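First to last, the protein sequences are chains A and B.
Just so we're aligned, residue 12 is where the first sequence starts under my numbering, counting upward by one.
Just so we're aligned, residue 1118 is where the second sequence starts under my numbering, counting upward by one.
Even glycine gets a Cβ: it sits at the ideal position worked out from N, Cα and C.
Bear in mind the structure is a predicted one, so any value in this text is a computation, not a measurement.
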Amino acid sequence: MQWFDALVQGVLLGGMYAQYALGMALMFGVMRIVNVSHGDLVILLSLIGISLASSFGFGPVTVMVALVPLAVILGWLLQKAILNRVVGDDPLPSLIATFGLSLALQNLMLQIWSANSRSLPGGGIESKSIQIGGIYIGLLPVIVLAFAIGLTFALDLMLKRSRFGRALRAAAADVEAASMTGINPRRVYAAATAIAVGILGFAAVFQSLRSTVAPADGGAQLIYAFEAVIIGGMGSVWGAFIGSMVLGISQAIGFRIDPGFGVLAGHLVFLLVLATRPQGLFGKG
Amino acid sequence: MTAVLSTHGLIARYGDFQALYGVDIDLAEGEAVALIGANGAGKSTFLRAVMGLLRVAPDMVRLKGQPIGGMATDRMVQMGISIVPEGRRLFTGMSVEDNLRVAVDQAQRMGRKGGWSLARLQALFPILKDKARTPVESLSGGQQQMVAIGRALLCQPSVLLCDEISLGLAPKVIREIYAALPEIRAQGTAVMLVEQDVGLAQSASDRLYCMLEGRVTLSGRSAEVTRDQIGAAYFGGSHAVV
Ligand SMILES: Nc1ncnc2c1ncn2[C@@H]1O[C@H](COP(=O)(O)OP(=O)(O)OP(=O)(O)O)[C@@H](O)[C@H]1O
Ligand SMILES: [Mg+2]
């Protein structure tokens, strides 16, 4: 029972990780852009959300309605102002540019919000739980998982079936050939990054409802998202979702073995996948 | 005949290296023009310069008289110039159908109308229907070339630029591909064929140009130029007009 409980909690935790990982699956998995500021953007959005809540008395739903469009604009600006200048076959320029952005964002957040941990008041939703056959399941983690599944489904469908999705996959395969087919790669990439960061708007609300956030926390989110995408396999949206589940379950089970072992267990499973199946669970080749 | 596409003293460089030295070439509506020349003559460079993939001055490339030189490549497509690029450049990891649908999508987005549809293309090259769901990288070279041509046609071009579409293919496959040319031209589409195979270029075109070291060294009606003239233009000698 204890292990089954760990499994359930792991899946729920995986729902949170999937929300970080989806944007990474799009940017790193499909577009091959390394965005080191991924986690810092989650934190920035979380802190903005918390400030909105405390200044205007917004509830979590209102914060989400405000934050997601803001995240979309932020993503669009990120691509227009920085990443479109450095896209190409070489991932190094985007890595360096976003590493600089990551440091700048962390310092900016420290200036504005100080190093304190904060969280978003959820009006009681964060402590509600349901009991199913001896296992307590938090309502909020279930909502997080449901959102993660919905977002994964929508993103996968968009990528596979929509005009925009085809244009993005084409541009990712060969930017120049895409432009020879009438695609404006910069516009497509700007829209894709807007979507990737837009998803972080959801993640930011849930992250700050579930636990606390502080300006220096972004690194962990970056690593989890990165690991989930690699475990699942580059270019696969459902792969990133499954990768998040693997990571969440590994951490939850590791935590049951020893509370200090939880996060490490996740990293170990990541390394194990990397060693035995470097293309990821759903990757080709 | 008025030119649909023309270049005027077209110059192109790769950094310090000048690859084109004032190239004047024109194409009329529905015309097939061949561009021949040895390796490194500048044929692909010419096509890339026309497509906006190299920096050129606006006046150096004209579409129906309008200066378009150096515009973004996606704008060139929007205005009706398509290319079958050297090396095909298909979208790997995507199915044959998705490769083609990218072009259908964009033509739709740009509001370009024309005679080509997925169904018509599949009638022209039936293999594109049989292999619709196959990842494009697992096709044979000839089949991949058909996808590349199909992708360019689905952009509904008024000018189609083809860069060595026969390269590395078996004679039977080359014939199959070239057999599609009349139907393409019947749309009113002007076609430029860059070819290494002189005989093929000559028989498939109305006029031909020969380039050498970034300059046009021969131009004339394909049926009238002689082997000797081509030989001289290929390897050196003064510019001859027939
Ligand atoms: N990216 C590049 N950078 C620098 N020089 C280049 C580049 N591409 C081509 N060149 C040079 O420009 C000249 C023209 O090359 P281009 O590819 O246009 O020739 P081509 O006529 O298409 O030859 P081929 O029949 O081999 O395809 C050559 O001297 C080539 O070395
Ligand atoms: Mg060439």
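Proximal chain A residues relative to residue i, where beta-carbon distance stays under 9 Å
i: VAL1194/B; result: SER190, MET191, THR192, GLY193 and ILE194
i: ILE1266/B; result: Near ILE1266/B there are no residues of chain A at all, since even the closest Cβ is about 13 Å away, more than 9 Å.
i: LEU1170/B; result: GLU187, SER190 and MET191
Distance CB(residue i)-CB(residue j) smaller than 8 Å
i: GLN117/A; j: ASP51/A; result: yes
i: VAL1173/B; j: GLY1182/B; result: no
i: SER1339/B; j: ASP1323/B; result: yes
i: ARG174/A; j: ARG1226/B; result: yes
i: MET1211/B; j: VAL1253/B; result: yes
i: ILE141/A; j: ILE148/A; result: yes
i: ALA201/A; j: TRP87/A; result: yes
i: GLY1258/B; j: GLY1285/B; result: yes
i: VAL257/A; j: LEU166/A; result: no
i: ASP1191/B; j: GLY176/A; result: no
i: PRO226/A; j: ILE54/A; result: yes
i: GLY25/A; j: ILE260/A; result: yes
i: ALA207/A; j: MET38/A; result: yes
CB-CB length for residue i against residue j, believed under 8 Å
i: PHE213/A; j: PHE158/A; result: 6 Å
i: MET1193/B; j: GLY1169/B; result: 5 Å
i: ALA1154/B; j: TYR1351/B; result: First, the amino acid is wrong: residue 1154/B is Gly here, not Ala. 7 Å between Cβ atoms; contact.
i: MET35/A; j: VAL240/A; result: 5 Å
i: ILE1347/B; j: VAL1315/B; result: 6 Å
i: PRO64/A; j: PRO152/A; result: The amino acid occupying residue 64/A in the given sequence is Ala; Pro does not appear at that position. With 8 Å as the limit, ALA64/A and PRO152/A do not qualify as a contact, their Cβ atoms being about 20 Å apart.
i: ALA1120/B; j: LEU1144/B; result: 6 Å
i: ILE1301/B; j: LEU1278/B; result: Actually they are not in contact, since the Cβ atoms of ILE1301/B and LEU1278/B sit about 12 Å apart, beyond 8 Å.
i: GLU1146/B; j: ALA1297/B; result: Incorrect: roughly 19 Å between the Cβ atoms, too far for contact.
Contact set between residue i and chain D, taken where Cβ atoms lie within less than 7 Å
i: ASP185/A; result: Chain labels in this structure do not include chain D; the protein chains are A and B.
Where the beta strand (DSSP E) containing residue i begins and where it ends
i: GLU1254/B; result: Per DSSP, GLU1254/B belongs to no beta strand (DSSP E) and is neither H nor E.
i: SER140/A; result: 140-143
i: ARG1324/B; result: 1324-1329
i: SER1123/B; result: 1120-1124
i: GLN1135/B; result: 1134-1140
i: ALA1149/B; result: 1149-1154
i: ILE210/A; result: Taken as a continuous stretch (DSSP letters only), ILE210/A belongs to no beta strand (DSSP E), being part of the alpha helix (DSSP H) at 196-221.
i: MET1309/B; result: 1307-1312
Where the alpha helix (DSSP H) containing residue i begins and where it ends
i: GLN1273/B; result: Looking at the DSSP string, GLN1273/B is not in any alpha helix (DSSP H), and its letter there is neither H nor E.
i: ASP1191/B; result: 1190-1196
i: GLY291/A; result: Per DSSP, GLY291/A belongs to no alpha helix (DSSP H) and is neither H nor E.
i: LEU1180/B; result: Element bounds for LEU1180/B: not the alpha helix (DSSP H) but the beta strand (DSSP E), 1178-1180.
i: GLU1300/B; result: 1298-1303
i: THR1334/B; result: No alpha helix (DSSP H) holds THR1334/B; the beta strand (DSSP E) holding it covers 1332-1338.
i: PHE252/A; result: 248-268
i: GLY230/A; result: 229-243
i: ILE148/A; result: Here ILE148/A belongs to no alpha helix (DSSP H); instead the beta strand (DSSP E) covers 146-149.
i: ASP1345/B; result: 1344-1352
Closer than 7 Å at the beta carbon, the chain A residues around residue i
i: ASP1247/B; result: Going along chain A, no residue has its Cβ under 7 Å from ASP1247/B, so there is no contact; the nearest lies around 21 Å.
i: CYS1272/B; result: THR192 and GLY193
i: ILE1200/B; result: MET191
8 Å Cβ cut-off: residues of chain B touching residue i
i: ARG177/A; result: MET1211, ASP1215, ARG1218, VAL1219 and ASP1222
Residues that residue i contacts on chain A, provided the C-beta gap is smaller than 8 Å
i: THR1190/B; result: GLU187, SER190 and MET191
i: ARG1226/B; result: ARG174 and GLY193
Closer than 9 Å at the beta carbon, the chain B residues around residue i
i: ARG180/A; result: PHE1208, GLY1210, MET1211, ASP1215 and VAL1219
Neighbourhood of ligand 4 [Cβ distance below 5 Å to any heavy atom], ordered by chain position: Absence of ligand 4 from the depicted structure is noted, with ligand 1 and ligand 2 being the only ligands included.
Contact the region 282-295 of chain A vs the region 1265-1272 of chain B: 3+ CB pairs below 8 Å: Not touching, per the Cβ criterion.
Stretch-stretch touch, CB-based, cutoff 8 Å, three pairs: the region 72-87 of chain A with the region 17-29 of chain A: No: fewer than three Cβ pairs fall under 8 Å.
contact_flag[the region 267-278 of chain A, the region 1124-1137 of chain B] where n(CB pairs < 8 Å) is 3 or more: Fewer than three Cβ pairs drawn from the region 267-278 of chain A and the region 1124-1137 of chain B lie within less than 8 Å of each other, which leaves the two stretches out of contact.
Cβ contact (3+ pairs, closer than 8 Å) linking the region 90-98 of chain A and the region 217-227 of chain A: No, the region 90-98 of chain A is not in contact with the region 217-227 of chain A.
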